[in-house]
Amino acid sequence: DAKTTQPNSMESNEEEPVHLPCNHSTISGTDYIHWYRQLPSQGPEYVIHGLTSNVNNRMASLAIAEDRKSSTLILHRATLRDAAVYYCILKLSDTGNQFYFGTGTSLTVIP
Amino acid sequence: NAGVMQNPRHLVRRRGQEARLRCSPMKGHSHVYWYRQLPEEGLKFMVYLQKENIIDESGMPKERFSAEFPKEGPSILRIQQVVRGDSAAYFCASSPNIVSETQYFGPGTRLLVL
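As they're listed, the protein sequences go chains A and B.
If you count by this note's numbering, then the first sequence holds residues 922 to 1032, one letter each, in order.
If you count by this note's numbering, then the second sequence holds residues 17 to 130, one letter each, in order.
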C-alpha cells in the first residue's frame, strides 16, 4: 500500500544532473508529494515537496506532471554526498499526518 | 536548535526482554510519529501521537507494542517480550502542528534481538 512506484536503483556521474522518477497514479487532488532521502545509518532527510506546481529549493527541483500521476526529482549537479536512497512519498489527505514510504531509489554517484 | 533526538542509538535485547525507545521532538513540536524500518525495506508508519494523546495507531502491531507521549518528557515506544522479528531500526519524527507538511526525523534506534 505504498502508493508510489520508483526504480530500485540509478547511477549518475558526479557533477551531472540526475532525474529520479516516481509514479503515483492513485493520487487524489489534495495529496501532497514529498521527497526524502536517507543516507546509510541515518534518518530520512527532507528534500522537497509540492502539490501541483513545480518547486525549487536549494537542494533540488520537483517537476510534477500536469495530471499529477507522476513526478520527477531533479538534482542539478550530483555530488558524492548525494549518494542515498531517495523516497517519493504521498502524504494522503484523508489518512491523517503520516507518510507512506515505498522502497525508494538507491542513487549511486560515480566519481 | 537541536534536532529530533533518539536514544539509545543502539539497543541489544535477548528474546523475552523489554525494549524502551525514547524520542525527544524538536523544540516547539507537539506531534510525534514512530516508524519502523526492517533491513532492506522502506519505513513503515507505526503510530502518531500528540501530547498525552494517541491520534493514529493503525500501524502498530496489536500485541506487545505501545507508545506514549506524556505532558512532560520524551515520547516512549515500548516493546514487551521482544522476538527476533522485532530487530529493526526505529525512527521517530516530529512536526510543529497538524498542518505542517514537513516531518523532521531523528537518527533512529537500531534494535537487535538475540
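Ideal Cβ positions, reconstructed from N, Cα and C, are used throughout, including at glycine.
Beta carbon of residue i, beta carbon of residue j: below 8 Å?
i, j, result
"B:Ser46", "B:Gln66", "yes"
"B:Tyr106", "B:Thr118", "no"
"B:Arg31", "B:Val129", "yes"
"A:Gly964", "B:Pro123", "yes"
"A:Thr1000", "A:Glu935", "yes"
"A:Ser933", "A:Val1006", "no"
"A:Ile954", "A:Ile995", "no"
"A:Leu1013", "A:Tyr1021", "yes"
"A:Tyr1008", "B:Gly75", "no"
"A:Ser1026", "A:Gln927", "Residue identity check: residue 1026 of chain A is Thr in the sequence provided, not Ser. Yes, these two residues count as a Cβ contact at 8 Å."
"A:Ile1010", "A:Tyr957", "yes"
"B:Cys108", "B:Gln53", "no"
Residue range of the beta strand (DSSP E) that residue i falls in?
i, result
"A:Thr993", "991 to 996"
"B:Ser40", "35 to 40"
"A:Thr1026", "1026 to 1031"
"A:Gly971", "966 to 971"
So, is the C-beta of residue i closer than 8 Å to a C-beta in chain A?
i, result
"B:Pro123", "yes"
"B:Leu128", "no"
"B:Phe61", "yes"
"B:Gln119", "yes"
Determine, for residue i, whether the minimum Cβ-Cβ distance to residues of chain B falls below 8 Å.
i, result
"A:Lys924", "no"
"A:His970", "yes"
Note down, in chain order, every chain A residue with its Cβ under 8 Å from the Cβ of residue i.
i, result
"B:Phe107", "Gly964, Pro965"
Can you pull the chain B residues whose beta carbon is under 9 Å from the beta carbon of residue i, in chain order?
i, result
"A:Thr1024", "Glu56, Glu57, Gly58"
Using 10 angstroms around the beta-carbon of residue i, count the other beta-carbons present and answer buried if the total reaches 16, otherwise exposed.
i, result
"B:Val20", "buried"
"A:Pro1032", "exposed"
"A:Thr925", "buried"
"B:Pro77", "exposed"
"A:Arg998", "exposed"
"A:Gln1019", "buried"
"B:Asp102", "buried"
Interface residues of chain B around residue i at Cβ under 7 Å?
i, result
"A:Tyr1007", "Those within 7 Å of A:Tyr1007 in chain B number zero; the least Cβ separation is about 11 Å."
Taking C-beta pairs closer than 8 Å, name the residues in chain B that residue i reaches, listed in chain order.
i, result
"A:Lys1012", "Glu117"
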